[in-house]
Amino acid sequence: MTLRVLDPRLSAEGEAARLAAPLASLDGALVGLLDNAKIGTARFYDYLETMLRERYRVREVIRRRKPDSSRPVPPELLGELSAADAIVSGIGD
Amino acid sequence: METPRSPSYEVADAFEANELFQDNGWTDGLPIVPPTETLVARFLSAVGLAPDAIVGVEPVRRRRVPAEKVAIAAVMAGCRPDYLPVVLAAVRAMCEPEFGLHGVTASTGGSAPLVVVNGPVRLSLGMNATHNVLGNGSRPNATIGRALRLFILNVLGGIPGQLDRSTLGHPGKFTFCLAEDEEDSPWLPLATERGMAPGASAVTVFAVESPHQIMNEWTHEPRDIAETYAAAIRANMLTYSIWSGNYAVVVPKQHRQIFAEAGWSKKDLRECVHERARVSRREWRTVGKSAVAPRKDEDVVYTALRSPDDLLVVAAGGPAGGFAAILPPWYGRKSLAVTKGIDA
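Chains as they are written, first to last, in the working numbering: chain G, 4 to 96; chain B, 2 to 345.
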């Protein structure tokens, strides 16, 4: 006699996340840098910001730091980044 | 029997069911009890829940946890149906925002949820609170803790190398559950201290790093014992994380007798440890962390506990031996212990 066993996994609900369409160019763009509050992120973003401004000629960089590395970004902080043409979000260490 | 909501698979026998789960990474590496439709229905019927009843919501990824998935994890882990209320209470506790389930699951820090069970349910399930209490040998202790791990693996996707980014992890990530020895303790049970009604069955869930065993068998002074606990906590603050939050200490009978004879309550012990478990930033220089010591004022004193209430004192362990254990938090106050009643 066979057994019928149940799948233990829970599927994610809702629509799958989609990548935004890439920008044609960073020239003149407004770029957001979201710091995940890990110890090395600020230094990495300092370097990245210089590169974005000097090599890719972005118009403006908005930098924001999550208050807590292990919790979601507060909505008001996301709102402050909403004007950006592109956002770099830090994950991991 | 209600129709299950989960997809199902037909397999030849229990051996092939285990092979299916092993091949798909749906277990912790140990064999499982096949979660058949019949068994899962029996477990749900024991708690009077429909398969799609929502037990809790993981707050970061907003995973709504249906009772059926918790029952599947409990069957797989080797639970009996009457263990399920304890597993459900622990899942509800872990879904509280202050527990920070996503962070503790995903972090390189590699903590595991410790479950402390209080109240009459310990006796009705035959849980262990004495010999080898942090080790093997008790079916309810082993399988209730394991059910939570399988829940994290399959329901939250806490798969090592995927969402679970632990550098090391620790053995408590297979299972980590104990009962408090209320019958042989002069003290209030942990859950009662944390606001549950006396005599109520409850779980306290706390994301901990690996337990650190200490020994002091050469004193009858309660303060000496507390000093040894505080020293182990200070060592953790320097070598692991300096940030304050909950700590747990498992106090064996031999130490409890010393505290009881001197009239020390759990509160007295908590206050003493709070006073003594402190380090200055400068001390980081003695443990190879000179590079980070000067980032802030080195004379500032850090406390392990934000207040005495942060220390979870658990009476448990075999009758002989001056061995206790300190259980450090994952990462300061980013995850806090949560106590929930068990719906019997």
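Beta carbons are placed, not taken as given, at the ideal position from N, Cα and C, and that holds for glycine.
1. Residues in the same chain with beta-carbon distance under 6 Å from B:H213, minus the five sequence neighbours each way, listed in chain order, please.
2. Does B:R63 have its Cβ less than 9 Å from a Cβ in chain G?
3. Excluding the five sequence neighbours on either side, which residues of its own chain have a C-beta within less than 6 Å of the C-beta of B:C80, listed in chain order?
4. Quick check: the Cα distance between B:D53 and B:L337, rounded to an integer number of angstroms?
5. Give the interface partners of B:T109 over in chain G, defined as CB-CB distance under 8 Å, in chain order.
6. Considering Cα atoms alone, identify which of B:N155, B:P309, B:T176 and B:Q163 is closest to B:A231.
7. Please say whether B:L179 and B:N137 have beta carbons closer to each other than 9 Å?
8. Would you kindly report the start and end of the unbroken alpha helix (DSSP H) that includes B:C273?
9. Listing by chain order, which chain G residues have their CB less than 7 Å from the CB of B:D14?
10. Taking only the alpha-carbon atoms, compute the straight-line gap between B:A74 and B:I33 and give it to the nearest angstrom.
11. Under 9 Å, do B:A305 and B:H256 count as touching if we go by C-beta distance?
12. Write down every uninterrupted run of the beta strand (DSSP E) in the stretch 14 to 55 of chain G whose length is 3 residues or greater and which is fully enclosed by it, in chain order.
13. DSSP three-state label for B:S7, please.
14. What is the DSSP secondary structure of B:H171, counted as helix, strand or coil?
15. With a threshold of 9 Å between beta-carbons, can G:S72 be considered close to chain B, or not?
16. Return the residue from the list B:K268, B:G246 and B:A317 that minimises the CA-CA distance to B:P330.
17. Roughly how many whole angstroms lie between the Cα atoms of G:A19 and B:R63?
18. Please go through the same chain and pick out, in chain order, the residues whose beta-carbon is closer than 8 Å to the beta-carbon of G:I90, but skip the five residues on each side of it.
19. Using a Cβ-Cβ cut-off of 9 Å, state whether G:L37 counts as contacting chain B.
20. Here's a check: name, in chain order, each residue in its chain whose Cβ is nearer than 6 Å to the Cβ of B:N237, leaving out the five neighbours to either side.
21. Beta-carbon separation of G:D96 and G:L26 under 9 Å?
22. For the putative contact between G:R67 and G:L80, defined by C-beta atoms under 8 Å, what is the C-beta separation to the nearest angstrom?
23. Please confirm if B:H103 has its CB atom under 9 Å from at least one CB of chain G.
24. With distances taken between CB atoms, is the gap from B:F152 to G:V8 smaller than 9 Å?
25. Between which residues of its own chain and B:P98 is the CB-CB distance below 6 Å, once the five residues before and five after are set aside?
So, to answer that:
1. A233 and I327
2. yes
3. T144 and A148
4. 28 Å
5. D96
6. B:P309
7. no
8. K267 to R277
9. L6
10. 9 Å
11. no
12. 33 to 38
13. coil
14. coil
15. yes
16. B:G246
17. 14 Å
18. V34, G35, L36, L37 and L84
19. no
20. P329
21. no
22. 5 Å
23. yes
24. no
25. P60
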